[in-house]
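For reference, the structure is listed below as structure tokens.
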Amino acid sequence: MRHVLVTGAAGGIGQAIAEEFAADGAALTLADRDRTALDRVAERLGASANGPVGALTVDLTDPQAPEDLVQRAWKARGPVDVLVNAAGVYPSLDMADVSAADWDRLFAVNLRAPVLATAAFARLAVEHGRGGAVVHISSGSALRARPGGGPYASSKAALEMATRAAALELGVHGIRVNAVSPGFVPVDSACNPVSEQYAAAIGANPLGRAGTPRDIARAVRWIAGPDASWITGEILRVDGGSSTGALHLPRIWPPDGPRPADGGPQAPTHAPAPVPAPPAQAATEGHSA
Ligand SMILES: NC(=O)c1ccc[n+]([C@@H]2O[C@H](COP(=O)([O-])OP(=O)(O)OC[C@H]3O[C@@H](n4cnc5c(N)ncnc54)[C@H](O)[C@@H]3O)[C@@H](O)[C@H]2O)c1
1 MRHVLVTGAA GGIGQAIAEE FAADGAALTL ADRDRTALDR VAERLGASAN GPVGALTVDL
61 TDPQAPEDLV QRAWKARGPV DVLVNAAGVY PSLDMADVSA ADWDRLFAVN LRAPVLATAA
121 FARLAVEHGR GGAVVHISSG SALRARPGGG PYASSKAALE MATRAAALEL GVHGIRVNAV
181 SPGFVPVDSA CNPVSEQYAA AIGANPLGRA GTPRDIARAV RWIAGPDASW ITGEILRVDG
241 GSSTGALHLP RIWPPDGPRP ADGGPQAPTH APAPVPAPPA QAATEGHSA
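If you count the sequence shown from 1, position 119 lands on 119 in full-length UniProt numbering, and the numbers rise without skipping.
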């Protein structure tokens, strides 16, 4: 039975990740700074996860917190097999307005915490002669900034390099380090509110529907599991294809070629793809440890 530690487990994507591993029969330790929301998630999953779900309150802006968290989880429920770093903040901050305090806080949660948690996990795993898997949650922003998203995009770009660098060094110990990079996924977030206007503007992608937390969670479970045992240092984009290019730029028509009757190139349109129904029995899919 795998022991999986998930940070940001009270959040939209973090709790879907916890659900996915719970359905797989994993033992779970969930961590977040929002104790009330965390308790709700732990209570809901308690029945399906193996034994009581551990819930640890943590403020990842504290430099010591990531290492303490991994050690607490390890001590309370035994060796950690999978570490998922899903805690993150995405405040709107223009590059011309950002302060040192804003920048440091954002980087503390989005970059320093996953890096230090991975370091603590790796030290313990090596000391105990065990391998393991780390999955960071990056973002499409790592490749493409947007107005007001520069500091966030910078933190995720650095996280992607930290993913590859850690994978390079830790592979020899049987520790895989990967990242899942979500496209836009609407979540009901207290600490990361997103306006409806933004959500409407960002929704388009080649597959024609918004992502769901479950889309991300299933990719995390897969890349942390045995079916991905020869994959490390990878950034898995789970984004409906939005990182493939600029879908809504018009085609460039040849000067003498045929043109649309209305006189202008058209962006491709199609009906939104349906959201796939969740599988009835995720636990039967054979991804257990
Ligand atoms: N939702 C999206 O569209 C999207 C897209 C790309 C990447 N992401 C990434 O996915 C991850 C989860 O985001 P989400 O959309 O579920 O947001 P969310 O706000 O629902 O979840 C984030 C969680 O992190 C926790 N957290 C924040 N600061 C913390 C701190 N200092 N200490 C401990 N916990 C803290 C919050 O309490 C919250 O539960 C983040 O890393 C985010 O950057 C989200």
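Idealized CB from N, CA, C, for every residue including glycine.
The structure presented is a predicted model; accordingly, all values stated were derived computationally and were not measured.
With DSSP collapsed to three states, give me the class of R176.
strand
Pick helix, strand or coil for A26, following the three-state DSSP scheme.
coil
Residues with a Cβ closer than 6 Å to any heavy atom of ligand 1, in chain order?
G8, A10, G11, G12, I13, G14, D32, R33, D34, V58, D59, L60, T61, A86, A87, G88, V89, Y90, V109, I137, S139, P182, F184, V185, V187, S189, C191, N192
Sorted by chain position, which residues of the same chain lie with C-beta nearer than 7 Å to A18's C-beta, five sequence neighbours on each side aside?
V6, A9, L28, L30, V41, L45
Considering only residues of the same chain and omitting the five flanking positions on each side of P147, which have a CB-CB separation below 8 Å?
D94
Inter-residue Cα distance where the pair is V82 and A210:
28 Å
Could you check where the beta strand (DSSP E) with V53 kicks off and where it finishes?
Premise fails: V53 is in no beta strand (DSSP E) and is neither H nor E.
Below 8 Å on the Cβ atoms is my contact criterion, and I expect D24 with R176 to pass it. Report the Cβ-Cβ distance as a whole number of Å.
17 Å between Cβ atoms; not a contact.
Return the CA-CA distance between A179 and L236, expressed in angstroms with no decimal places.
6 Å
Can you say whether E20 is buried or exposed, counting buried as having 16 or more other CB atoms within 10 angstroms of its CB?
buried
Inter-residue spacing [alpha-carbon to alpha-carbon] between L159 and P255:
44 Å
Strand pairing of H128, partner residues [DSSP]:
DSSP, once it has assigned bridges, lists no residue as partnering H128.
Buried or exposed: I252, going by 16 or more other Cβ atoms within 10 Å of its Cβ?
exposed
So what's H3 in DSSP terms, helix, strand or just coil?
strand
Segments of 3+ residues assigned as beta strand (DSSP E) that fall wholly inside the segment 169–254
175–182, 235–238
Buried or exposed: which applies to L124, given that a residue is buried once 16 or more other Cβ atoms fall within 10 Å of its Cβ?
buried
Rounded to whole angstroms, what is the Cα-Cα separation between V187 and P193?
9 Å
Taking all protein chains shown into account, decide if R112 is buried (16 or more other Cβ within 10 angstroms of its Cβ) or exposed.
buried
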